[in-house]
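Residues in the sequence shown are numbered from 4 upward in steps of one, following this note's numbering. Here the structure comes first, spelled out in structure tokens, and everything after it is commentary.
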Amino acid sequence: MPHRSPSPLRSRSVLLVCALVAGNALVRGGVDLPAIAASALLAAAALFLAARPGHRSQRHPEPAPDGDGSVTVPLLVAGAALLTLAVALQLVPLPLGVLRAVSRESALLLERSLGGAGVLGWARPLSLDPGATALELAKVATWTAVAAAVAIVASDRRRRDALLAALALAGPAVVAAALGAYLFGAQPLLEPRFPFVNPNHLAGFLQLAAWPALGFALRARGPARVGWLVAFVFSAAGVFLSLSRGGIGAFVVGAGLFVALWARAGRRERVASEGAPAPAVAPRGWRELLRAGPRAVTRALLHRSGAVLPVAISVAVGLAAFLAFDRIVAEMRTVSEATTTEVKLELWPSALQVIRDHPLLGIGRGAFANVFPAYKWEPVLATFTHVENEWLQLPVDLGLVLGPLAIGLFAWAWLAAARRAEISRPLIGALAGAGALVAHNLFDFSLEISGVAIPFGVVMAIAARDMPAIRVPRLAVRAGAGVALALAALGVTLHALHPPEADAERVVAAETPDDAIARAREVLPWHPADWVVPAAVGTKLSAVFRCDEAEPWLARATERNPTASAPHRGAAQCYAFRGRAALAKREYRLAFILGDPDALKEAHAFFPEPGALLDVAPDTPDGLLAAAALLRDDWEEAREAYRRGWEGFRDVRALGGLAAVTLDLGDADGALALARALEAAAPLLPSGFVLAARALDAEGDEEAAIQELQGAAARFPGRVEVLAPLGQHQLRARRFSQARATFEQILARDASTTLTRSLLVGQALEGQQRYGEALRVLADARDAAPDSPRPLEAIARVSVEAGRYDEAIEALELAAHKPGVPAGAYAERIDALKTARARQAVTAAPEEGASGGR
């Protein structure tokens, strides 16, 4: 009987899946809408081709249950299809009575959010953010189609190997892309943002890619083994260079899983080989190999599997350490103390509260970003789109039935493959990578993006071959490919029409309150849990004092995000307008505490009477310092704010402000005593010494002030806060060379300090009447700070001293167009310079005539 090759249609399906794995990884992790749409099309095509009947092969026959009329599909794929259907049903409008029965908390939220805006209607989707859920539907439909296609084509060993090889090779391709961007100066070597936007997601993908490569290396011999080892080393080193703490920790988990699975498979192979004839020559031990020389060792590495694992991991870790040992160690030391770790852990109790309120069917895939702010405990300004724990994310999105079911199906598939009597080395690596990724997703959400979810689905679909399966007609599978494509197209279209952030921006950008209300009524049905939309409408209404209309919007915004500052500031405006001063001050105080730095400034405008701002400001160091800064024109009140900050909280910033304002009030002795106290309280800060010098100047003891600054300069070398006033003293004493030397000691730590240093050096050269050198220094400062008018003002001043009025006028005309310069700021000076230039020309003309007559 003639041999026929495996189905070419299924081979094309394998190629499409390989393209999905590599393409999404290389295109920003597949997070963009065009990538999601293209992935849906390719996934549907792969599934359609996989379901087409193919030719039988004597060498690679299809499994017996798969006739021309049906295929076997593992329960994992059936479960994924069920989850896709569940996400689709989250977008189907349900009568409000049904909604109250299945999710009471969701129904209450919709009634408060949409009912108050007059857009509730009689039926609403279960999802609390249908616009976001639509995109998740497109992604889930795509991932399910990929898993189904892989489950069908994975019946052939060569196709399984091709899929795992594509994943293993995609790892070094991604690392090469990241290194290429680094070499072209587009990104740093560590924590790269390309090709994956998030370094944690990069680490997650490389977990999946690295370990299958090591599996292929264990199975291969000779030069092929070297190639696979290089692929593993590149991918593994990339995990470390991502500086993802969770990724590095998960790499250790992956190594442990790989060793355990490999050892288990080795034991089974030894048991199966018992009774076989012993080899003619026993293998030499490592001591004998080392004595035999480097060629024997190299041959052992190329042909002995036992030598590969420790060498490969050691080389990968060694390469990463060579490139960035200090940064990697420093990053890992922050695991227990990093604020990001604390914030992620604080999300978990909030997620459990969300599950408690929406236990049966969840909040809807993708709705977490807008639902979570109502459960925040702290006024964190960061936006969390996910729980950053996939074990909690699925129950939050889908409820306590489907969420744990999905987790259980994946765990079942993994364990079924791990318990196989015969398991290939590449599959051992794939299972180790999948296990490491799942461990990583205790603190990450990389499984929510296609660049990681698709290769994970490929691995799990291959692993699911050992699960119970069901027979599905090929026609039904091909129809399923069409349904998946249709659902993905619907999801992409709906999301493109109603993206959450863009819809909120539409309302925020409205020019009038009425326009904002109209836009809010358009977008709220798609994002009923969003707090930004009602906050935007409420603040626009409160800004024009339409307070009766504003209050319901502001109340809903506060309910949806109690830690947002904008609704409180809007409420404060309305209370102030209605004369309810106590309530207005309370709301301004809350707005400042919750992160609005301008709330106190606005409150000061409403309540300018003495003592009012101190009633508004929270009794905290930051609140008192902010109030003192606004009260600098009222030195007595500012001193009171600083006094409370120092005496109540021992805040050295308040002590410095207290010393400064005491000096402004004319109490030089009191200021000097406070400055000495600041020197003792904060000996590592130069501010106490500088304030002491100012106080000594005020007492008329200039020599003591200079000595104070000179001592500070020796103690704090290069600090502009010390050297600038010291050099100014020298300028006033007409010691220009000494002043220049002092200014040149300033260390330019940033652009602002560099500019100040150049301006001061130019001033010293001007005092020496070295105008040409001064202009050259100032020209460099102008070029280094193109948006600042200060170098141009200095150039104009020096040019006038040098009698070069044209250059002075040109400099001020350029300064007039710099950002932040008020219109006409230099008009009088320019007119005066033009007059001086004309007078200079008139004066110069007779002199030239007299010279010509002689």
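Idealized CB from N, CA, C, for every residue including glycine.
Item: Chain-order list of residues whose beta-carbon lies under 7 Å from that of His607 (same chain, five-residue window excluded); Value: Leu616 and Leu633
Item: Limits of the unbroken alpha helix (DSSP H) element including Ser73; Value: Taken as a continuous stretch (DSSP letters only), Ser73 belongs to no alpha helix (DSSP H), being part of the beta strand (DSSP E) at Ser73 to Pro77.
Item: Whole-Å CB distance - Ala433 paired with Val462, under 8 Å assumed; Value: 4 Å
Item: For Ala736 and Thr745, the rounded distance between their alpha carbons; Value: 14 Å
Item: Leu97: first and last residue of the uninterrupted alpha helix (DSSP H) it sits in; Value: First-last for Leu97: Pro96 to Pro98, but that is the beta strand (DSSP E), not the alpha helix (DSSP H).
Item: Three-state class that DSSP yields for Ile709 in the structure shown; Value: helix
Item: Whole-angstrom distance between Ala695 and Leu666, CA atom to CA atom; Value: 10 Å
Item: Range of the contiguous beta strand (DSSP E) that encloses Arg474; Value: Ala472 to Pro476
Item: Close Cβ partners of Ala828 (< 7 Å) along its chain, the five nearest in sequence each way excluded; Value: Ala819
Item: Closest residue to Pro531 among Asn392, Gly121, Ala168 and Arg832 (Cα-Cα distance); Value: Gly121
Item: Outcome for Pro689 when other beta-carbon atoms lying within 10 angstroms are tallied against a minimum of 16; Value: buried
Item: Three-pair Cβ contact test at 8 Å for the region 139–147 versus the region 167–186; Value: no
Item: Assigned exposure category for Leu418 - 16 Cβ within 10 Å defines buried; Value: exposed
Item: Whole-angstrom distance between Ser238 and Leu405, CA atom to CA atom; Value: 34 Å
Item: Euclidean distance between Cα positions of Asp518 and Val74; Value: 56 Å
Item: Where the beta strand (DSSP E) through Ala234 begins and ends; Value: Here Ala234 belongs to no beta strand (DSSP E); instead the alpha helix (DSSP H) covers Pro226 to Leu244.
Item: With 16 other Cβ atoms within 10 Å as the buried cut-off, status of Thr515; Value: exposed
Item: CB-CB length for Asp533 against Asn373, believed under 8 Å; Value: 5 Å
Item: Stretch-stretch touch, CB-based, cutoff 8 Å, three pairs: the region 28–38 with the region 431–446; Value: no
Item: Between the CA atoms of Leu836 and Ile812 - distance to the nearest angstrom; Value: 7 Å
Item: Cβ contact (3+ pairs, closer than 8 Å) linking the region 213–225 and the region 421–439; Value: yes
Item: Helix, strand or coil at Arg559 [DSSP, three-state]; Value: helix
Item: Inter-residue Cα distance where the pair is Ile709 and Ala683; Value: 20 Å
Item: Stretch pair the region 482–498 + the region 241–258: three plus CB contacts closer than 8 Å; Value: no
Item: Rounded C-alpha distance that separates Pro66 from Leu92; Value: Since pLDDT at Pro66 reaches only 43, below the 50 mark, its modelled position is unreliable, and the value read off the structure follows with that caveat. Near 35 Å, if we compare the C-alpha coordinates of Leu92 and Pro66.
Item: Inter-residue Cα distance where the pair is Ala435 and Thr344; Value: 25 Å
Item: Where Ala126 sits in the DSSP three-state scheme; Value: strand
Item: Presumed contact (8 Å Cβ cut-off) between Ala43 and Ala144, rounded CB distance; Value: 7 Å
Item: Backbone secondary structure at Thr757 - three-state DSSP; Value: helix
Item: Cα-Cα separation, Thr561 to Ser109; Value: 17 Å
Item: Same chain, Cβ closer than 7 Å to Phe235, neighbours up to 5 away in sequence not counted; Value: Ala213, Ala216, Leu217, Ala220, Ala315 and Ala319
Item: 4-residue-minimum alpha helix (DSSP H) runs that sit fully inside the region 577–602, ordered along the chain; Value: 584–596
Item: Distance between beta carbons of Ala150 and Val80, contact taken as under 8 Å; Value: 5 Å
Item: Close beta carbons around Trp289, own chain, < 7 Å, minus the five adjacent residues each side; Value: Any answer about Trp289 is weak, because its pLDDT of 46 lies below 50 and its placement is not dependable; what the coordinates show is given next. So the list is empty, once near-sequence residues are dropped.
Item: Within 7 Å, strictly: CB atoms of Leu815 and Arg840; Value: no
Item: Pick from Asp753, Pro382, Arg103 and Pro398 that is closest to Glu595, judged by C-alpha positions; Value: Reading off the sequence shown, one finds Phe at residue 595, where the question assumed Glu. Ranking the options by Cα distance to Phe595, first place goes to Pro382.
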